[in-house]
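Accompanying notes for the structure given below.
Protein chains in written order, with my numbering: chain C, 517 to 630; chain B, 67 to 178.
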């Protein structure tokens with residue numbers, strides 16, 4: 517599995533934007549970039565995913581570098597509820613269909629200060 | 067639309083015993099994956115089920131087995147429990163062909 521590298525922890529202030537980086541220099545052409553987050557005492561929560569183009573949804577934006585070797589999850593206005601562990605995951609497309617395996621690393625612990 | 071549910075919430079078992087954990091998929095989802103999350107670690111993939119058949123497996127021994135039922139709900143069975151099996155067990159459902167998975171709250175298993 518292609519590997520991702522994330523900072524162990526980051527801090528932000530409430531209502532400020534947060535940029536969470538992820539390096540994935542060994543990404544292959546068919547790997548999708550997924551982001552999940554896990555709030556304390558909960559299961560992981562899907563945030564966003566993309567392949568080549570930048571993506572936006574109601575939760576966040578995903579900026580993907582042109583060479584796809586890195587990406588950034590952007591939370592536009594952090595809230596206290598956004599304090600969580602954020603996982604950047606490369607998901608393999610196998611045989612033309614999505615294969616279920618998500619390989620989680622250690623993730624980035626995001627702390628949001630009031 | 068109901069989300070993914072898991073039962074029980076917590077469970078305490080003794081080493082050597084067997085355990086069954088249950089998962090109900092989100093409505094409309096036909097694929098179920100199971101993960102084990104040790105304290106302080108990211109979830110580790112156990113296996114995935116699609117159309118009632120195992121469709122991918124992580125690095126877990128055969129004493130970890132599963133079932134998927136026609137209504138897409140699923141069970142995880144663990145035989146001969148070991149102390150290291152103590153963890154949060156997560157179930158995730160998804161629609162075949164779509165990337166995102168939706169996780170349940172997990173079952174906290176403690177093996178003494």
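Built from N, CA and C at the ideal position, the CB exists for glycine as well. Just so it is clear, the structure is predicted and the values come from calculations on it, not from any experiment.
Within 10 angstroms of the Cβ of residue 581 (chain C), are there 16 or more other Cβ atoms? Answer buried if so, exposed if not.
-> Position 65 of the first chain, counted from the start, is the residue given in the question as residue 581 (chain C). It is exposed - the Cβ of residue 581 (chain C) has fewer than 16 other Cβ atoms within 10 Å.
Buried or exposed for residue 78 (chain B), please, with buried defined as at least 16 other CB atoms from any protein chain shown within 10 angstroms of its CB.
-> To locate residue 78 (chain B), count along the second chain from 1; it is residue 12. So residue 78 (chain B) counts as exposed.
Report yes if the CB atom of residue 540 (chain C) is closer than 8 Å to the CB atom of residue 586 (chain C), and no otherwise.
-> Taking the first chain and counting its residues from 1, the one referred to as residue 540 (chain C) is at position 24. Taking the first chain and counting its residues from 1, the one referred to as residue 586 (chain C) is at position 70. It is a contact, given that the beta carbons lie within the stated cut-off.
Contact check, residue 564 (chain C) vs residue 551 (chain C), beta carbons under 8 Å = Indexing the first chain from 1 puts residue 564 (chain C) at position 48. Indexing the first chain from 1 puts residue 551 (chain C) at position 35. Yes, the pair counts as a contact, with Cβ atoms nearer than the cut-off.
Do you know how far the Cα of residue 144 (chain B) is from the Cα of residue 124 (chain B)?
-> Translated into positions along the second chain, residue 124 (chain B) becomes position 58. Translated into positions along the second chain, residue 144 (chain B) becomes position 78. Residue 124 (chain B) and residue 144 (chain B): Cα-Cα distance of roughly 15 Å.
Endpoints, the beta strand (DSSP E) within which residue 79 (chain B) is located | Stepping through the second chain from its first residue, residue 79 (chain B) is reached at position 13. Residues 76-79.
Beta-carbon separation of residue 618 (chain C) and residue 598 (chain C) under 8 Å?
-> Locating residue 618 (chain C) in the first chain gives position 102, counting from the first residue. Locating residue 598 (chain C) in the first chain gives position 82, counting from the first residue. Their beta carbons are not under 8 Å apart, which means residue 618 (chain C) does not touch residue 598 (chain C) by this criterion.
Residues of the region 152-176 of chain B whose Cβ lies closer than 7 Å to any Cβ of chain C, in chain order = 156, 160, 162, 163, 164, 165, 166, 167, 168, 169, 170, 171 and 172
Buried or exposed by the 16-neighbour rule on C-beta atoms within 10 Å, applied to residue 560 (chain C) = Within the first chain, residue 560 (chain C) is the residue found at index 44, counting from 1. Residue 560 (chain C) should be labelled buried.
Can you list the residues of chain B that residue 602 (chain C) reaches, using a CB-CB cut of under 7 Å?
-> As a working note, residue 602 (chain C) is residue 86 in the first chain. The contacting residues do not exist; residue 602 (chain C) stays about 11 Å from chain B at best.
Express the C-alpha separation of residue 624 (chain C) and residue 525 (chain C) in angstroms, rounding to a whole number.
-> Along the first chain, read from residue 1 onward, the residue named residue 525 (chain C) stands at position 9. Along the first chain, read from residue 1 onward, the residue named residue 624 (chain C) stands at position 108. If you take the alpha carbons of residue 525 (chain C) and residue 624 (chain C), they lie about 5 Å apart.
Closest Cβ-Cβ distance between residue 545 (chain C) and chain B: below 8 Å?
-> Here residue 545 (chain C) refers to the residue found at position 29 of the first chain. Not closer than 8 Å to any Cβ of chain B, the Cβ of residue 545 (chain C) fails to qualify, so no.
Find out if the Cβ-Cβ distance for the pair residue 171 (chain B), residue 72 (chain B) is shorter than 8 Å.
-> As a position in the second chain, residue 171 (chain B) is number 105, starting the count at 1. As a position in the second chain, residue 72 (chain B) is number 6, starting the count at 1. Going by C-beta atoms, residue 171 (chain B) is nearer than 8 Å to residue 72 (chain B).
Leaving out five residues on either side along the sequence, give the residues of the same chain with a beta carbon under 7 Å from the beta carbon of residue 82 (chain B).
-> Here residue 82 (chain B) is taken as the residue at index 16 of the second chain, counted from 1. Only 146 and 147 meet the Cβ criterion.
Going by beta carbon distance, what residues of the same chain come within less than 7 Å of residue 547 (chain C), once the five residues before and after it are set aside?
-> Numbered from 1 along the first chain, position 31 holds the residue referred to as residue 547 (chain C). Closer than 7 Å at Cβ, skipping near neighbours: 518, 606, 607 and 608.
Alpha carbon of residue 613 (chain C) to alpha carbon of residue 162 (chain B), nearest angstrom | By one-based count along the first chain, residue 613 (chain C) stands at place 97. By one-based count along the second chain, residue 162 (chain B) stands at place 96. Low confidence applies to residue 613 (chain C): its pLDDT is 43, below 50, so where it sits in the model is not reliable enough to give any reading.
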